[in-house]
Every structure is written in C-alpha cells, then in structure tokens.
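Below: the structure, in structure tokens.
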DNA sequence: ATTGCTGCAAACCTTTTGCAAGAAT
DNA sequence: ATTCTTGCAAAAGGTTTGCAGCAAT
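The following block contains the structure:
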C-alpha cells in the first residue's frame, strides 16, 4: 500500500502467491513499471513490453494491469478524456495534468489534506486519494502560449 | 464568465451576435440547460432535446455544446472514464464524483483556493478551475457498503 | 443567395470480452 | 493434468468527422 521500493521479484512472488502465473508478458510489464517509475499509458507500456515479448497484445496488458491493481501493486488515474495512466502504487499522491502538453506532475497528497478533511466534514464525502487529478496548464506551456 | 442567471434569450442573442444561427435543436438544448441547471451527459441532453426536436442527433448536440463552450456559456468536466457532463458556466466550482453511484456534488471553488495557490507557487502550474473534479465515495454509498 | 447547420453513417480511440489454442504450475 | 493466460478479432462505449441536403439569416 505504501512501498516506496517495489522490487520485481517481490511483485512476481505476489502474483504466484495469489494463484497467478508469471508469464513473459507479465514479467516484462512489471520490469517496465519498476524501471521507469513513471505514469504510463497502456499504449506505451505495450510498446515497452513488446521489446521483450513481441507478440504481447494491449488486451493482455490491460488484463495484467488489472491483476496488479487488484493486488494493490498498481494504480491508475483517468486524466481528462485521454487514455488512463498506470504506475506503481507508492506514497499516495495527486496529479497535475497539463491540458496543453499532457505532462503529468506528481504532487504530495499532503497538499490535498485540507480539502480531504473539509469535504468529509462538509459534504460527507470520502475522497479517493489515489485518483486525485487536477487539470490546468504547466509553466512551460503557459510561457509558450504567451510567446506565440 | 460568472453569470448566475443565464437567460435563454441572452444565450440565443450571443449565438447570433457571433455569427451563429439559432435552430430548433439549439433552442431546445439551451432551454434544457437553463431549466435543469444540472450536470448532464450528451446522452441525456439529447433525450430532452428530442422531446421538442425529435430528429435531433447526438452529434449535433456535441457540436452545439462545443459552440456554447466556445462562447463561455457552457463548461464540461470529465469525471472518471464515463461520459463527460455539461452545464451552464456559473460561479466556478469543483465537483465531487461518487465512484459508486455516479452522483455529482458541486462544491464552491473557495475550497480549492489554497491548493490553487500552492500549486501555482510550488509547481508553476495554473489550475483550470472549471475542471476541478475529485472522485471518492459519497456518504450514502459509504453507508450502504457498510451494511451489505 | 449565402453559408451555417443538420442527420446520417462511418470513423476513431480506448477499453472490454469471447474464444480456442497455448503455457505455467 | 489443470486451469490460467494469451493473441486475435470483434464489440462496446463515448466522441468526432465527412458529406450532401436543408434552413436561418
């Protein structure tokens, strides 16, 4: 739930422990996630996986990600209308999504704590801290816009 | 940008002023938005519009909403993976989306001001106040979950 | 008479699903 | 041997687009 240091073997063990089987695709996928530690779409993850397992299909990546998500190893966020991004579960954090360049910026969830509390107190609403996403424009894009 | 009292005729005038033409579908759509003042999907808006203009198609509703959005009269938000919801631009506000029942709760944007400032100061990121959406579970759903 | 708008159908994208063959245990 | 998984292809949403005809101005 809050491992900052996921290791490939630990994840593969978790898969086996829960009755899952470790396939070439899953191993490549897990390594991609551990290596990049980035927010990746299924499309880009599939490309990376295919370097090692050329036959891998997006649908398998979807299914594998779902399995990892059920194990609490992976989380995903929907940012705008675009494809969802997946990454290793880690310290809970929020996302800033630039609607201009698509970049994702991670921000500590501490930033959101005041809101999480307010919203719980005033609206009886439990915020899902894993899916905090806010859209806007990053500094780079703001500046390029002004110079155009 | 912050009209709390959009009137149908004002909106139709705005359409004409900018070179647009007022059609039966547009009029029905505008009335639906003004009447319900709710957050509606294209699907539900189309149903309402079709009460008056039976031939109206979703694609036209999409195009009309885009036009209204360009005029600053309508805004939309993406909440999760589901269909986007549209509503009249009004006092800027955030959305709480219940991932269990799909309900949308409006919250005053004042709640988000601290974050908007922090994020601008620390991450050089301009939050789009029109698209603030936070997912979680509303009180009703939390309680039904506990009773099941 | 312009030329913006429409409905329809088809295209698009992301994601999900059915299925028979293949592989990890 | 089991039974999980896979790739493929097709389906399923939500949204966009091309087009020829229609209609608001």
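Chains as they are written, first to last, in the numbering used here: chain A, 411 to 558; chain B, 411 to 558. We put the CB at the ideal spot given by N, CA and C, even for glycine. Note that the structure is predicted; figures quoted are calculated from it, not measured.
Any chain A beta carbon closer than 8 Å to residue i
| i | result |
| --- | --- |
| residue 545/B | yes |
| residue 512/B | no |
| residue 505/B | no |
| residue 453/B | no |
| residue 542/B | yes |
Neighbour list for residue i in chain A, Cβ cutoff strictly below 9 Å
| i | result |
| --- | --- |
| residue 548/B | 533, 534, 535, 536 |
| residue 524/B | 521, 524, 525 |
Simplified DSSP assignment, three categories, for residue i
| i | result |
| --- | --- |
| residue 531/B | helix |
| residue 543/B | strand |
| residue 538/A | coil |
| residue 502/A | coil |
| residue 511/A | coil |
| residue 524/B | helix |
Distance, residue j Cα to residue i Cα
| i | j | result |
| --- | --- | --- |
| residue 490/B | residue 449/A | 17 Å |
| residue 459/B | residue 442/B | 7 Å |
| residue 440/A | residue 501/B | 45 Å |
| residue 526/B | residue 434/A | 44 Å |
| residue 522/B | residue 484/B | 21 Å |
| residue 457/A | residue 477/A | 19 Å |
| residue 535/B | residue 504/A | 13 Å |
| residue 426/B | residue 498/B | 18 Å |
| residue 444/A | residue 466/A | 18 Å |
| residue 546/B | residue 518/A | 18 Å |
| residue 421/B | residue 447/B | 14 Å |
| residue 469/B | residue 455/B | 12 Å |
Same chain only: Cβ atoms within 8 Å of residue i, ignoring 5 sequence neighbours per side
| i | result |
| --- | --- |
| residue 493/A | 451, 452, 453 |
Sequence-distant residues of the same chain with beta carbon closer than 6 Å to residue i, five excluded per side
| i | result |
| --- | --- |
| residue 544/B | 506 |
| residue 474/B | 436, 439 |
Contact with chain B by residue i, beta-carbon distance below 8 Å
| i | result |
| --- | --- |
| residue 488/A | yes |
| residue 465/A | no |
| residue 469/A | no |
| residue 529/A | yes |
Residue i: contacting residues in chain A (beta-carbon distance under 8 Å)
| i | result |
| --- | --- |
| residue 491/B | 488, 494 |
Beta-carbon neighbours of residue i, restricted to chain B and to distances below 9 Å
| i | result |
| --- | --- |
| residue 554/A | Result: empty, since nearest Cβ-Cβ is about 13 Å, beyond 9 Å. |
Neighbour list for residue i in chain B, Cβ cutoff strictly below 7 Å
| i | result |
| --- | --- |
| residue 509/A | 538 |
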